[in-house]
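Down below is the structure, laid out as structure tokens.
6 protein chains.
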Amino acid sequence: MTPLAEQTTTAAADALEAAEVAVLPTGSTEQHGPALPLGMDHMAAHAFADTVTERDDAVVLPTIPVGVSVHHRQFDGTLYVSEETFEAYVEETLSSLAEHGVRKAVVVNGHGGNSAALRRAARTLRQDEVAFAPPWNWWDSVTELSGELFDEAGGHADAMESSLLWHVREELIDPDELAAAEAGASEGWGETVHGAALGFDTIDFSESGAVGEPTQADPEKGERLFEAASEELHALLDWLVDRPFAECWSRPHR
Amino acid sequence: MTPLAEQTTTAAADALEAAEVAVLPTGSTEQHGPALPLGMDHMAAHAFADTVTERDDAVVLPTIPVGVSVHHRQFDGTLYVSEETFEAYVEETLSSLAEHGVRKAVVVNGHGGNSAALRRAARTLRQDEVAFAPPWNWWDSVTELSGELFDEAGGHADAMESSLLWHVREELIDPDELAAAEAGASEGWGETVHGAALGFDTIDFSESGAVGEPTQADPEKGERLFEAASEELHALLDWLVDRPFAECWSRPHR
Amino acid sequence: MTPLAEQTTTAAADALEAAEVAVLPTGSTEQHGPALPLGMDHMAAHAFADTVTERDDAVVLPTIPVGVSVHHRQFDGTLYVSEETFEAYVEETLSSLAEHGVRKAVVVNGHGGNSAALRRAARTLRQDEVAFAPPWNWWDSVTELSGELFDEAGGHADAMESSLLWHVREELIDPDELAAAEAGASEGWGETVHGAALGFDTIDFSESGAVGEPTQADPEKGERLFEAASEELHALLDWLVDRPFAECWSRPHR
Amino acid sequence: MTPLAEQTTTAAADALEAAEVAVLPTGSTEQHGPALPLGMDHMAAHAFADTVTERDDAVVLPTIPVGVSVHHRQFDGTLYVSEETFEAYVEETLSSLAEHGVRKAVVVNGHGGNSAALRRAARTLRQDEVAFAPPWNWWDSVTELSGELFDEAGGHADAMESSLLWHVREELIDPDELAAAEAGASEGWGETVHGAALGFDTIDFSESGAVGEPTQADPEKGERLFEAASEELHALLDWLVDRPFAECWSRPHR
Amino acid sequence: MTPLAEQTTTAAADALEAAEVAVLPTGSTEQHGPALPLGMDHMAAHAFADTVTERDDAVVLPTIPVGVSVHHRQFDGTLYVSEETFEAYVEETLSSLAEHGVRKAVVVNGHGGNSAALRRAARTLRQDEVAFAPPWNWWDSVTELSGELFDEAGGHADAMESSLLWHVREELIDPDELAAAEAGASEGWGETVHGAALGFDTIDFSESGAVGEPTQADPEKGERLFEAASEELHALLDWLVDRPFAECWSRPHR
Amino acid sequence: MTPLAEQTTTAAADALEAAEVAVLPTGSTEQHGPALPLGMDHMAAHAFADTVTERDDAVVLPTIPVGVSVHHRQFDGTLYVSEETFEAYVEETLSSLAEHGVRKAVVVNGHGGNSAALRRAARTLRQDEVAFAPPWNWWDSVTELSGELFDEAGGHADAMESSLLWHVREELIDPDELAAAEAGASEGWGETVHGAALGFDTIDFSESGAVGEPTQADPEKGERLFEAASEELHALLDWLVDRPFAECWSRPHR
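Protein chains in written order, with the working numbering: chain E, 40 to 293; chain D, 40 to 293; chain L, 40 to 293; chain P, 40 to 293; chain A, 40 to 293; chain G, 40 to 293.
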């Protein structure tokens, strides 16, 4: 289906009648080191959502571009809203969609920092039986493949993310800067001291804003990631389409 | 300047250093009758913001696609968030930008329903001396011209809006439906009974979701509107660039 | 009916049984230039509400004296609460009334700054089917007449408001100061730059706090305004009494 | 001084310059049994505040008519807002006044149910050094005298309240109903079971809505109460005027 | 019954099935002068709740240790949360319990400053028919006995409290400091000026943090208080067990 | 040091003067399958905090017993508060402590569900430079050891948790039920479908409420875990004591 925003209300009436599920892309606008664009995360989400337009049983909502990125705020260009605001924005958007009869959705998410808020939004919508809308982080669907492709701990603007962006928005990566990204990168995300997770802000542990080994990135790997994750997304949508509502909602007390 | 989200943090550091002002496009995804796409308002805002990428003194933020559209909720495809949530989303986004040193902005707005929330966000940012970010509704800058071009009261999905969309996203208008839009349209916005504004929801007074006389629309008129309003926007940006901060902030008690 | 607050609970039981509609006067305590009292807006609302005590089908609630006047705060004597607080105060008051069976109301409003909050309160009460309580701004019911009587753009403490106060609270106007009010007045409300509404605070555009041409004021004009607007208010009440609840509530999805 | 709302902003400038303290009357609109008007509490507060207009060092704010009366909601005519809303309304009103330089106030309160909210508002204003604004419940200033005048436990719409109202708004009491009030009254406020305070709502323990022995009321006793309490209020204002700000604010950590 | 937290979920299933009522102990961690431990109030609540473990019809919840103690903050060791947060913490805890079928409770409270929040929580739970959970302040159940035992006005860390603690946590009192406590104590709680309750913080009126005459304390008196209050608590629980739900909930409009 | 709540304010003055750091134990009261007590998580936190009483440079706050456990609500005995309320309760408690000069703390946490809220509280306190208070989940400090001791994925009421409880509160485990716990356990936490984390509630994926292989539990393993984690906690406290405040606070913009 054409993205929802590109349809008239008349066309949307039919589309929403036919749709079994929706896709809401969410990401962020935040530093991704010297080689990747600030919009990396919402661009990734957008690209995955775009593959869904080929389906007749799914409607694609507009991409939400600013997310929970307070921990990147010391790096230029990072935009952010609070977790509460982001959660409300997503939850209310999905709730308004439910009024038109589409009450299953996948939040296609490109930014790890959004996860907790998305889980809470999904929990609320589910408990109230408004909608069943689990978030889907693209990288969580391809952990095995990315383990094969890259030798890094990673976590942000790493080889995995860089490859994906290289594939989906080739013109926006600056490959010459991957070395600089890596030079200033931390090995893994955050900083742990005797079991306590510190590293409240990225700047606490990464000089360049990147984490991992971005020089391992290449566009072919990105393509493989993209194809593999897209496949998972569509499998998830198929699964969701088939799932009876009775199994979507919260279970009663034992 | 390239849109902010397409820049790396390194490039953004320079861009934000050079920028005197930012542009944040906001709109909605809501019914615009049978002839116009649901994304009309954020597409218009996006198109105006896009003209700003040619400037070296301005940075363009990502487009916020869902707004305050509860009053269109009975029409298929309308998405909405609450006024509080929309206000917070905009205010926090601009506040995060201000951390990078850009503290003047124009919120390029395509949806009248967002106005009250945008005014409040701008007021708060101004009173706290975080940023000076007045909203700019594109149609308010061309009232004279639209009076010349169209003979309608209008107010939503009317000849003026239809013309603009026809110009900026020609492929998304369905001109054959303009007659149907007009057939079911109310003459003006809302419904007034003895001075009391009723018409809480569009459905209370419009059958098709449109208001005004959309059949008067044509793409040339749209182009004239777009050019004229763009000119006003750029004049506003020039004015804002020149305005000393001392004149931006709230005045003290007399 | 005697104003509600002057009745015992026993008398109120009968009165509320008989009543089809309520009237809640709201205004502000804020600067109105050198000639008018700070309480102008709540006094006007009170005066209109007072005419309703002659009806047997309407109950008159106490006047809410402080409103949304942050934009007048630089002028001495202005009191204000936030939009959220004002909205909650009005909405909860009307909701508590509804528990006694009166679920239609007109909010007789004397202050333009209250309008957005009153609209939101009315929307919430309507969507929840607690009460149907549209706000009524007295000046919106007499636009034609005030166009005849005065030659001004106006908007605050202008000839229209001054005339009305002169009629309803003659002892509180200082006619000798109307010239000073006008000398420091702006022509119209606010300040527009290339289509962007600036003028966040009155002090941004008016020296005296007034807007328009207050020297055109006189008490006979005030009387005509008062009579005409009262007539509209009573016509609105008649209309509301007759309106079936089914037509008051929000409509379902198309 | 003339009540603030009756002054122009010009006059208010002088008045606020001269004023050392403000008075904000608060009450409720709630059942007071079959003999007293619903507005009893705000009328009492208003009457006491009115005596303050004779002073040159005090400014009198408008009366806030609806308060924290949820516990009376089962009786006809009771209006109420939530504790949070009432607290915010009062706190923000006093905070707006403080912008004009008057930062000491007495909240002249006629309704016991408002007390907790008023204490919290006063605490916040004090801790933030915005204003020092302790609430004053009129009956707390005349406990000795009322002990002499009446032989009752009382607590609401009792002989003490009835007498006061009889004095200040003679036309609004219905003395013939005092017997009925007493017949259905509980002896004291609330209901205690093994030390637990029950009696969440008045209807839980009082048939008529009254508490105590209202038949002991008479207007002369009311006059004595009014005079005595007024004297206390003025003594409090004198004390407050003399109190240095350094002694008004919260003390530092030991 | 064993305290709830010490049971497995399997055991709890039976216990909750058998239980008619729950007990939630609440207190504070705040200064109690030089002789008593900071945890006085939650320790007292805990001790009373502990006597309930002998009952088969009651379940004992964990003790909530930090309460509404902002007014003691200038004294070392005082911890506190806001009234809103404390209210929510208690209300949500009781609401979660109600999901397991136990919808009557007594909040066994050891701290006067918690009372208003506990009343509000109980009111909300009752109005929503989630649970009937009146707070019980132990000292309110033994006013007569404490009048006999002690000759003091008191109110905080006084002879009454000191005696109780001496009995329940003998090892934590420092009897040698009772004289110092009394030397710096105020006679009664707070400070009243012409009927206005000042004394926002304890430090405003008490040097040592104590109020009353703590030197009258002794452990035997404490034991008598404890036994008497425990008896009242159990009588209250018996009463609550027998009370039909229909009499627990709010009454309808008259 | 003696736990804070067991000290008088006089003793606390010295203790807080001497203290460099505080420890706040947090946990939950929630189902832990048929073999472990509901209070498992707060008991574990309490036990670790208890080891800190031997230090002269640390103060131990009372244990917060109810946490973020909504996902266990279908199992008997689970108590919970919302994430917002829990976050506020912790943040305000630590903020009140900071008023006494102790501005470093470790939140010793026994419940994974509390983590996101604790991170947010810590972030806020850090950004506002009120306190530096990272949460410490005991199991995160002994991942290597638990990998050696147990062959399970686990995640809740597993062999690791069971062992720990067996060591610290031997009398509260029911070893005979470990087999039943395991029989109804899921292998790992949650349920993942094509990369989307489902398993919003424990009941969605675990029959017994347990996860992992609890039959591997034994008290000696528990002792080793406890000793190892305690050592880590004390090392963390040492590290924190030595950390200059300048390195605790958020870093400025690059």
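Glycine included, every Cβ here is placed at the ideal spot set by N, Cα and C.
The structure presented is a predicted model; accordingly, all values stated were derived computationally and were not measured.
Query                                                                                                                                                                            : Result
In chain P, which residues lie with their C-beta within 8 Å of the C-beta of residue 179(A)?                                                                                     : 231, 234, 235 and 236
For residue 44(A), collect the residues of the same chain with a Cβ closer than 6 Å to its Cβ; drop the 5 residues on either side in sequence, then sort them by chain order.    : 101
For residue 190(L), count neighbouring C-beta atoms within 10 Å of its own C-beta (all shown protein chains included) and say buried if the count is 16 or more, exposed if not. : exposed
Check whether the Cβ of residue 240(P) lies closer than 8 Å to any Cβ atom in chain L.                                                                                           : no
Mind checking which residues open and close the beta strand (DSSP E) that includes residue 43(A)?                                                                                : No beta strand (DSSP E) holds residue 43(A); DSSP gives it neither H nor E.
Consult DSSP for residue 225(A) and reduce its assignment to one of helix, strand or coil.                                                                                       : strand
On the DSSP letters alone, give me the boundaries of the beta strand (DSSP E) that residue 64(P) sits inside.                                                                    : 60 to 65
At least one CB of chain D closer than 8 Å to the CB of residue 274(L): is that the case?                                                                                        : yes
Please give me, in chain order, every unbroken run of the alpha helix (DSSP H) with length at least 4 that falls completely inside the stretch 114 to 179 of chain G.            : 122 to 137 and 154 to 166
At the 8 Å Cβ level, is residue 112(L) part of the contact set with chain P, yes or no?                                                                                          : yes
Between residue 203(P) and residue 253(P), is the Cβ-Cβ spacing less than 8 Å?                                                                                                   : no
Is DSSP giving residue 110(L) helix, strand or coil here?                                                                                                                        : helix
Apply the 10 Å Cβ neighbour rule to residue 192(L) and answer buried if 16 or more other Cβ atoms are within range, or exposed otherwise.                                        : exposed
Nearest-angstrom Cα distance between residue 83(A) and residue 150(G)?                                                                                                           : 27 Å
Out of 288(D), 293(D), 56(D) and 61(D), which one is the CA nearest neighbour of residue 165(D)?                                                                                 : 288(D)
For residue 68(L), which three-state DSSP category applies?                                                                                                                      : coil
What would DSSP say about residue 233(A), mapped onto helix, strand or coil?                                                                                                     : coil
Taking the CB atoms as reference points, tell me whether residue 114(L) and residue 242(L) lie closer together than 8 Å.                                                         : yes
Need the endpoints of the beta strand (DSSP E) that residue 280(D) sits in, please.                                                                                              : Residue 280(D) -> not in any beta strand (DSSP E); alpha helix (DSSP H) instead, spanning 258 to 281.
Excluding five sequence neighbours on each side, which residues of the same chain lie with their C-beta closer than 7 Å to the C-beta of residue 105(P)?                         : 67, 68, 118, 119 and 120
Along the chain, where does the beta strand (DSSP E) containing residue 97(P) start, and where does it finish?                                                                   : 97 to 99
Within 8 Å, do at least three Cβ pairs link the stretch 47 to 54 of chain A to the stretch 256 to 266 of chain A?                                                                : no
Whose Cβ in chain L lies nearer than 7 Å to the Cβ of residue 139(P)?                                                                                                            : 115 and 116
Answer yes or no: does any C-beta atom of chain P fall closer than 8 Å to that of residue 263(A)?                                                                                : no
Inspect the beta-carbon positions of residue 72(P) and residue 198(P) and report whether they are closer than 8 Å.                                                               : no
Report all residues from its chain with a CB closer than 8 Å to the CB of residue 112(D); omit the five preceding and five following residues, and keep chain order.             : 119 and 240
State yes or no: is the beta carbon of residue 278(L) nearer than 8 Å to at least one beta carbon in chain D?                                                                    : yes
Give me the Cα-Cα distance between residue 63(L) and residue 245(L), rounded to the nearest whole angstrom.                                                                      : 31 Å
Let me see if you follow: with CB-CB separation under 8 Å, is residue 245(G) close to chain A or not?                                                                            : no
Using a Cβ-Cβ cut-off of less than 9 Å, list which residues of the stretch 70 to 86 of chain L approach chain P; keep chain order.                                               : 70, 71, 72, 73, 74, 75, 76, 77, 78, 79, 81 and 82
In angstroms with no decimal places, state the Cα-to-Cα distance between residue 85(D) and residue 79(D).                                                                        : 10 Å
For a contact meaning CB atoms closer than 9 Å, what does residue 192(G) contact in chain E?                                                                                     : In chain order: nothing, as chain E lies at least about 15 Å away.
By the criterion of Cβ-Cβ separation under 8 Å, what are the contact partners of residue 248(L) in chain P?                                                                      : 48
Which residues does DSSP list as the beta-bridge partners of residue 77(G)?                                                                                                      : Partner(s): none; residue 77(G) has no beta bridge.
Among 223(E), 184(E), 201(E) and 207(E), which one has its Cα closest to the Cα of residue 214(E)?                                                                               : 201(E)
With a cut-off of 8 Å, do at least 3 Cβ pairs link the stretch 132 to 152 of chain P to the stretch 165 to 181 of chain P?                                                       : yes
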